[in-house]
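Take a look at the structure below.
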Amino acid sequence: MRGDTSETKVLFSIENLPQIGEFYNVKSKLSEDDLSSFSEQNLSSKFIIVGDSGVGKSCLLNRIAHDEFSAEYKSTIGASFTSAECLINGNRVKMALWDMAGQEQFTSVNRLYFRGANVVFLCFDLTSQKSFDNASRWLSVVHENTSNVHAIFLVGCKSDLTKVVDDKDISRFCTDNRCEYFETSSKESKMTTELAKRSIFVAAISIQQLRQQAPKQKVVTEQPKPVNLAPPPEEKPKKKCC
167 MRGDTSETKV
177 LFSIENLPQI
187 GEFYNVKSKL
197 SEDDLSSFSE
207 QNLSSKFIIV
217 GDSGVGKSCL
227 LNRIAHDEFS
237 AEYKSTIGAS
247 FTSAECLING
257 NRVKMALWDM
267 AGQEQFTSVN
277 RLYFRGANVV
287 FLCFDLTSQK
297 SFDNASRWLS
307 VVHENTSNVH
317 AIFLVGCKSD
327 LTKVVDDKDI
337 SRFCTDNRCE
347 YFETSSKESK
357 MTTELAKRSI
367 FVAAISIQQL
377 RQQAPKQKVV
387 TEQPKPVNLA
397 PPPEEKPKKK
407 CC
């Protein structure tokens with residue numbers, strides 16, 4: 167796993183409702199009231215970025231977290247991690263971003279990093295029909311290895327290039343699988359900030375609502391059993407019979 171040890175920086179401040187993606191609304195009931203009432207302090211949310219190798223996952227992560235782009239391709243081995251922060255209604259929220267390797271041989275390793283994910287970016291290359299077709303397989307891997315996901319965003323990468331994937335197929339996929347869609351270009355920084363704002367807002371509000379709805383549980387502490395630390399009594403030797 168590659169880790170990013172650079173200082174966490176504030177990416178943006180959410181003061182208005184973020185732009186909603188296309189084809190499906192993962193949280194249709196979110197409103198200005200949810201934004202104005204958000205009060206969680208130092209909330210952290212885990213994001214995982216999945217999809218075939220070479221579709222643009224690492225570029226998406228670097229654009230979101232560092233506002234950087236590199237055309238040099240480096241294959242991710244295992245997983246790559248970085249974090250960033252934003253402000254929602256003046257409260258700091260942390261994004262923990264995990265970029266998963268896309269090669270088939272790393273799939274079993276990736277499963278370890280899926281645990282605890284709140285948001286999934288399911289990425290495909292707009293210039294590759296195969297990468298879109300494989301999105302279903304990656305979605306199955308996500309469902310098999312996660313339990314607390316609040317939203318899945320289908321992300322079409324490389325919108326600056328010639329698109330070969332049909333919008334009708336994308337729309338059908340989103341409707342069938344309840345995914346919100348963003349078409350992005352990490353190279354030209356198109357819709358990457360909108361994706362980040364929308365996804366972290368959905369995650370943060372969902373986590374706050376769950377905490378508010380959860381009943382306060384009484385903590386039951388089991389009483390420790392007494393332990394005798396004294397040495398055991400010595401056994402007297404038995405007398406032999408005559």
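Counting in the working numbering, the final residue of the sequence shown is number 408, and the numbers go up one at a time with none missing.
The C-beta atom is built at its ideal place from N, Cα and C for all residues, glycine as well.
Exposed or buried, what is residue i when buried is set at 16 or more other beta-carbons lying within 10 Å of its beta-carbon?
| i | result |
| --- | --- |
| Lys212 | buried |
| His309 | exposed |
| Asn208 | exposed |
| Asn228 | buried |
| Val176 | exposed |
| Ala362 | buried |
| Leu327 | exposed |
| Asp218 | buried |
| Asp200 | buried |
| Lys223 | buried |
| Asn284 | buried |
| Lys324 | buried |
| Ser202 | exposed |
If you follow the beta strand (DSSP E) that residue i is part of, which residue opens it and which one closes it?
| i | result |
| --- | --- |
| Ile410 | Examination of residue 410 is not possible in this model, given that the chain is present from 167 through 408 alone. |
| Ile215 | Leu209 to Val216 |
According to DSSP, is residue i part of a helix, a strand, or is it coil?
| i | result |
| --- | --- |
| Phe348 | strand |
| Val440 | Lying outside 167 to 408, the shown extent of the chain, residue 440 is not represented and no answer is given. |
| Val286 | strand |
| Lys353 | coil |
| Asp265 | strand |
| Val385 | Note that Val385 has pLDDT 34, beneath the 50 cutoff, so the model's placement of it is unreliable and the number below is only indicative. Coil at Val385, not helix or strand. |
| Ile366 | helix |
| Arg313 | In the sequence as presented, Arg is not what sits at residue 313; that position holds Ser. It is coil, neither helix nor strand. |
| Leu183 | coil |
| Phe280 | helix |
| Ser194 | coil |
| Ala128 | With the chain running from 167 to 408 in the structure shown, residue 128 is simply not present. |
| Leu327 | coil |
| Thr248 | strand |
| Leu376 | helix |
| Leu361 | helix |
Going by DSSP, what residue range makes up the alpha helix (DSSP H) through residue i?
| i | result |
| --- | --- |
| Asp342 | Asp333 to Asn343 |
| Lys223 | Lys223 to His232 |
| Ala237 | Note, Ala237: premise wrong, no alpha helix (DSSP H); not H, not E. |
| Phe204 | First-last for Phe204: undefined, no H or E at that position. |
Establish whether the CB of residue i and some CB of chain B are separated by less than 7 Å.
| i | result |
| --- | --- |
| Cys340 | In the structure shown, chain B cannot be found, because there is only a single protein chain. |
Mind reading off the beta-carbon distance from residue i to residue j? Whole number of angstroms is fine, and I expect it under 8 Å.
| i | j | result |
| --- | --- | --- |
| Trp264 | Ile215 | 7 Å |
| Val331 | Phe298 | 5 Å |
| Ile371 | Phe178 | Not quite, the Cβ-Cβ distance comes to about 16 Å (not below 8 Å), so this is no contact. |
| Gly187 | Glu354 | Incorrect: roughly 18 Å between the Cβ atoms, too far for contact. |
| Lys329 | Leu376 | 37 Å between Cβ atoms; not a contact. |
| Glu322 | Thr350 | The amino acid at residue 322 is misidentified as Glu; the sequence shows Gly. Between Thr350 and Gly322 the Cβ distance is about 7 Å, and since that is below 8 Å, they are a contact. |
| Lys193 | Val368 | 5 Å |
| Ala231 | Ala262 | Not a contact, Cβ separation roughly 10 Å. |
| Cys225 | Ser352 | 4 Å |
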